[in-house]
Amino acid sequence: MKVIEIENLNKIYKESEIEVHAVNGVTLDFEEGEFAAIVGPSGSGKTTLLNMIGGLDDPTSGEVIVGGSSMSKLKGAELTDFRLHNIGFVFQSYNLIPVLTAKENTEFVMRLQGLSAKVCETRSEELLNIVGLGERMNARPNKLSGGQQQRVAVARALASKPKFVLADEPTANLDSKSTETLLEIMEKLNREENITFIFSTHDARVVKKARRVITLEDGKILSDVTKNGGE
Amino acid sequence: MITSISWKNVWRNKSRSMIVIGAVTLGTLSGVFVAGMMKGWVDQRIHSAIHTEVSHIKMQHPEYLNNEEIKYTIPNYSEIENYLNNSENVKAWTKHTKIMAMAATSRGNTGVMLKGINPDEEKRVSDLYTNIVKGGGNYFESEFKNPIVISEKTADQLRLINYQITDNLIDTLKLLKVKDHTIESLASIKDKRFITEKKFKSALEEILHKNEIRVHGPVIMQMAKHYKVKSKIVFTFSGSNGEMSYQSFRVVGVYKTANTMFDQMNAFVIADDLAKVAGFEPNKYHEINMIINEESVDIKDFSQTLAEKFSETNVMTWKELAPDAGMMADFMQVYYYIIMGVIFFALAFGIINTMLMAILERIKELGMLMAIGMNKKRVFNMIMLETVFLTLTGSVVGMILGAITIGITGRVGLNFSSVQEGFEAFGWSALVYPSIELSFFFGVTLMVIAIGILASIIPARKALKLNPVEAIRME
Numbered sequence: 000m001k002v003i004e005i006e007n008l009n010k011i012y013k014e015s016e017i018e019v020h021a022v023n024g025v026t027l028d029f030e031e032g033e034f035a036a037i038v039g040p041s042g043s044g045k046t047t048l049l050n051m052i053g054g055l056d057d058p059t060s061g062e063v064i065v066g067g068s069s070m071s072k073l074k075g076a077e078l079t080d081f082r083l084h085n086i087g088f089v090f091q092s093y094n095l096i097p098v099l100t101a102k103e104n105t106e107f108v109m110r111l112q113g114l115s116a117k118v119c120e121t122r123s124e125e126l127l128n129i130v131g132l133g134e135r136m137n138a139r140p141n142k143l144s145g146g147q148q149q150r151v152a153v154a155r156a157l158a159s160k161p162k163f164v165l166a167d168e169p170t171a172n173l174d175s176k177s178t179e180t181l182l183e184i185m186e187k188l189n190r191e192e193n194i195t196f197i198f199s200t201h202d203a204r205v206v207k208k209a210r211r212v213i214t215l216e217d218g219k220i221l222s223d224v225t226k227n228g229g230e
Numbered sequence: 000m001i002t003s004i005s006w007k008n009v010w011r012n013k014s015r016s017m018i019v020i021g022a023v024t025l026g027t028l029s030g031v032f033v034a035g036m037m038k039g040w041v042d043q044r045i046h047s048a049i050h051t052e053v054s055h056i057k058m059q060h061p062e063y064l065n066n067e068e069i070k071y072t073i074p075n076y077s078e079i080e081n082y083l084n085n086s087e088n089v090k091a092w093t094k095h096t097k098i099m100a101m102a103a104t105s106r107g108n109t110g111v112m113l114k115g116i117n118p119d120e121e122k123r124v125s126d127l128y129t130n131i132v133k134g135g136g137n138y139f140e141s142e143f144k145n146p147i148v149i150s151e152k153t154a155d156q157l158r159l160i161n162y163q164i165t166d167n168l169i170d171t172l173k174l175l176k177v178k179d180h181t182i183e184s185l186a187s188i189k190d191k192r193f194i195t196e197k198k199f200k201s202a203l204e205e206i207l208h209k210n211e212i213r214v215h216g217p218v219i220m221q222m223a224k225h226y227k228v229k230s231k232i233v234f235t236f237s238g239s240n241g242e243m244s245y246q247s248f249r250v251v252g253v254y255k256t257a258n259t260m261f262d263q264m265n266a267f268v269i270a271d272d273l274a275k276v277a278g279f280e281p282n283k284y285h286e287i288n289m290i291i292n293e294e295s296v297d298i299k300d301f302s303q304t305l306a307e308k309f310s311e312t313n314v315m316t317w318k319e320l321a322p323d324a325g326m327m328a329d330f331m332q333v334y335y336y337i338i339m340g341v342i343f344f345a346l347a348f349g350i351i352n353t354m355l356m357a358i359l360e361r362i363k364e365l366g367m368l369m370a371i372g373m374n375k376k377r378v379f380n381m382i383m384l385e386t387v388f389l390t391l392t393g394s395v396v397g398m399i400l401g402a403i404t405i406g407i408t409g410r411v412g413l414n415f416s417s418v419q420e421g422f423e424a425f426g427w428s429a430l431v432y433p434s435i436e437l438s439f440f441f442g443v444t445l446m447v448i449a450i451g452i453l454a455s456i457i458p459a460r461k462a463l464k465l466n467p468v469e470a471i472r473m474e
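Protein sequence lines correspond, in order, to chains G and U.
First residue of the first sequence: 0, per numbering that gives the first Met the number 0; consecutive thereafter.
First residue of the second sequence: 0, per numbering that gives the first Met the number 0; consecutive thereafter.
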């Protein structure tokens, strides 16, 4: 089943009278349960593409269809609400709320969705156990290592039961051991829970784990390779 | 969850928040205290206007207001008497005869309004009997013929106050551990009588050092004061037949209220004594003063009822008779809120500045919140609540401290004796007992919340303008 359909997506920035074609006529589909990496050199347009898939940036032309509905028709509060219920985000620098504990950070999105305190608590505990932080649930971000914070961010991204998770350079700030742990967790979630993960990355370790690798250059798809069984 | 985040955000940068909270605390404390002091003053002024000077409602002959001639007595007095005695709305009432007279002693003279009263009846309406000064006799308890109670001011004008250093005074100063040098100097003028305050003061200035006067002056002045109770005063007035009459009255009591104007004007005698010498007919009175049962009827409503029922009589409420106090009673409530409003308005700028700094520090986080699905309404609410919490914390502490300060000063009183004369000339007491109503705190709380909401608008607008993608990328 197709989760995301991207049709002839373009993004043009104007930088002091010069037009920059950040994303240039990209057409792509993502199936449910994919573990895909978008790779490419700096300025190739991967983050811009990811932002447009996530509804954080408007395309100049083209369309992103998520679960059958076109995101370009959504504006303001509707778009925010759409993101809340359909998309999970993992950012490069974790971006947890510093005044909340790991558990509260995970619960936060569910509370925004209007779920009851009991449901939020049970699911956040479950998710933090999955990402291996069952013992650190009540720690605030400043008491957690970078790797641990990013695992909380993954738990938070999954808390809203999204259709897919977008991770923008999730391992860029992590050491190799933390990267390995994080990737294992995400891969496990992908295999066991059939959760769709789409990364933008530079990291060879992520590329190695991904089952599909889309390479961008100058905003265009250079290659789109699906590996057999990953690795 | 948003409420909890907002509260936790307040304590993110503790020192910065504490500075704002401290400023709000001080602002609230000073506002509450000033309001409490003003209220104490106004309450005292209103109490003294009603219970010492004019009562709740006064009834007079309509012409008496313009021309205080003794012929203008209350018409239909018996009917009014009957009505007041049977009305449940009247707590107590009393009647006066009044006559303008010239008072004279061998040393001084002054004009006063002689008020003929029935002391027992008067005590139920006026608390003047509680204002007899220490050493100034009593309120018509002495058995003298033609007794009179005058004010300290009148006593001073008639030179009925002496100043004298006595053995008693020196003993008291020794007990107070006043230096031997001061006591020895005072002993040099022992038993010498000074007939005016001015002369006594200059004598003190000659024998004492400035510092000694500053420290011990008020106590010495107060203790050296001797009222010449039992002295005779001769009054000259024009009686009901229009002819000049003379009558002497003997001072039995000296009173002092916070209103110098009232004191200067009024002297009290027994109504029967005055009726005899002035030739008043029975049941002829110049004014009726009454205290109303405020729980059962509104003063204004009752005064209108009286005015309609006794149309030949002029009926006035205390607000009309003491317009300064009346105006204060109506306006002060607004005034307290104006004081608080000005303070909070000034504080709002500091709050806005702090919140703007807080927002600028958190741009990345706000971008993330918007990206993961926190809509603008929730972002606005979060910032607004944070501002309200910041402001409310300071003001709650300020209100508690203000209430404690008012509680203490309300019990011991604040003494403005250095400016006493000026205050009392306007009827304001120099000893203030601050007080505050609970409803004022509710009002202030609502005001603080409103200020918090208003102060959050600029920082919140700044946050709402953020583009999540740009905000997340910001370092």
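The beta-carbon is built from N, C-alpha and C at its ideal position, and this holds for glycine as well.
Checklist entry - In three-state DSSP terms, what is U/Y226? => result strand
Next on the checklist: Per the DSSP calculation, U/I232 is bridged to which residue(s)?
Outcome noted: U/F248
Checklist entry - Where does G/L215 sit, in a helix, a strand or coil, going by DSSP? => result strand
Item to check | Residue-level contact to chain G via CB, U/E436, 9 Å cutoff | outcome: no
Item to check | Test: U/R11 CB closer than 9 Å to a CB of chain G | outcome: yes
Item to check | Closer than 9 Å to chain U by CB, G/F107 | outcome: yes
Checklist entry - Does DSSP put G/T105 in a helix, a strand or coil? => result helix
Checklist entry - Under 9 Å, do G/E18 and G/K162 count as touching if we go by C-beta distance? => result no
Checklist entry - Tell me, which residues are paired with U/Q59 by DSSP? => result U/E286, U/N313
Item to check | Whole-angstrom distance between U/I399 and U/L475, CA atom to CA atom | outcome: Given a span of 0 to 474 for chain U in the structure shown, any question on residue 475 of chain U remains unanswerable.
Checklist entry - Grouping DSSP H, G and I as helix and E and B as strand, with all else coil, what is U/M243? => result strand
Checklist entry - Going straight from the alpha carbon of U/Q303 to that of U/M326, what length do you get? => result 20 Å
Checklist entry - U/K375 versus chain G: which residues are under 8 Å apart at the beta carbon? => result G75, A76, T79
Checklist entry - How far does the alpha helix (DSSP H) with U/T165 in it reach, from first residue to last? => result Neither: U/T165 is in no alpha helix (DSSP H) and is coded neither H nor E.
Checklist entry - Would you say U/T353 and U/I452 are within 9 Å of each other, going by their C-beta atoms? => result no
Checklist entry - Can you list the beta strand (DSSP E) stretches of 3 or more residues lying completely in the stretch 0 to 60 of chain U, in chain order? => result 56 to 59
Next on the checklist: With a threshold of 7 Å on Cβ separation, who are the neighbours of U/A459 within its own chain once the five nearest residues in sequence on each side are excluded?
Outcome noted: F379, I382, M383
Next on the checklist: Does U/D166 pass the burial test, meaning 16 or more other C-beta atoms within 10 Å, or should it be called exposed?
Outcome noted: exposed
Checklist entry - Which chain G residues sit within Cβ distance under 8 Å of U/V468? => result N50, L55, D56
Item to check | Among U/R11, U/V19, U/T2, the one whose alpha carbon lies nearest that of U/A454 | outcome: U/V19
Item to check | Secondary structure of G/M136, DSSP reduced to three states | outcome: coil
Checklist entry - Would U/Y71 pass as a contact of U/Y63 if the rule is Cβ separation under 9 Å? => result yes
Checklist entry - Taking a cut of 7 Å between CB atoms, which residues from the stretch 355 to 368 of chain U lie near chain G? => result K363, E364, M367
Checklist entry - By DSSP, does G/G53 sit in helix, in strand, or in coil? => result coil
Item to check | Within chain U, partners of G/I96 - CB distance below 7 Å | outcome: I4, E364
Item to check | chain U contact for G/L182 (CB, 9 Å cutoff) | outcome: no
Checklist entry - Going by alpha carbons, who is nearest to U/I405 out of U/Y284, U/V31, U/L168, U/I351? => result U/V31
Item to check | Every unbroken alpha helix (DSSP H) within the stretch 75 to 120 of chain U, with a cutoff of 4 residues, ordered by chain | outcome: 76 to 85
Checklist entry - At a CB-CB cut-off below 8 Å, which residues of chain G make contact with U/K7? => result V98, L99
Next on the checklist: For a test of the three-state rule: what should DSSP assign to G/I17, helix, strand or coil?
Outcome noted: strand
Checklist entry - Quick one: what's got a C-beta closer than 8 Å to U/Q163's C-beta in the same chain, skipping five residues either side? => result D190, K191, R192, F193, A223, H225
Next on the checklist: So U/I20 contacts chain G; which residues on that side make the cut at Cβ distance below 7 Å?
Outcome noted: Residues of chain G passing the Cβ test: none, with the nearest at roughly 17 Å.
Item to check | Coarse secondary structure for U/G238, derived from DSSP in three states | outcome: coil
Next on the checklist: Which of the three DSSP states is assigned to G/R190 in this structure?
Outcome noted: helix
Next on the checklist: Does the CB of U/I382 have a neighbour CB from chain G at under 9 Å?
Outcome noted: no
Item to check | Cut-off 8 Å between Cβ atoms - residues of its own chain near U/M473, not counting five sequence neighbours on either side | outcome: I362, K363, G366
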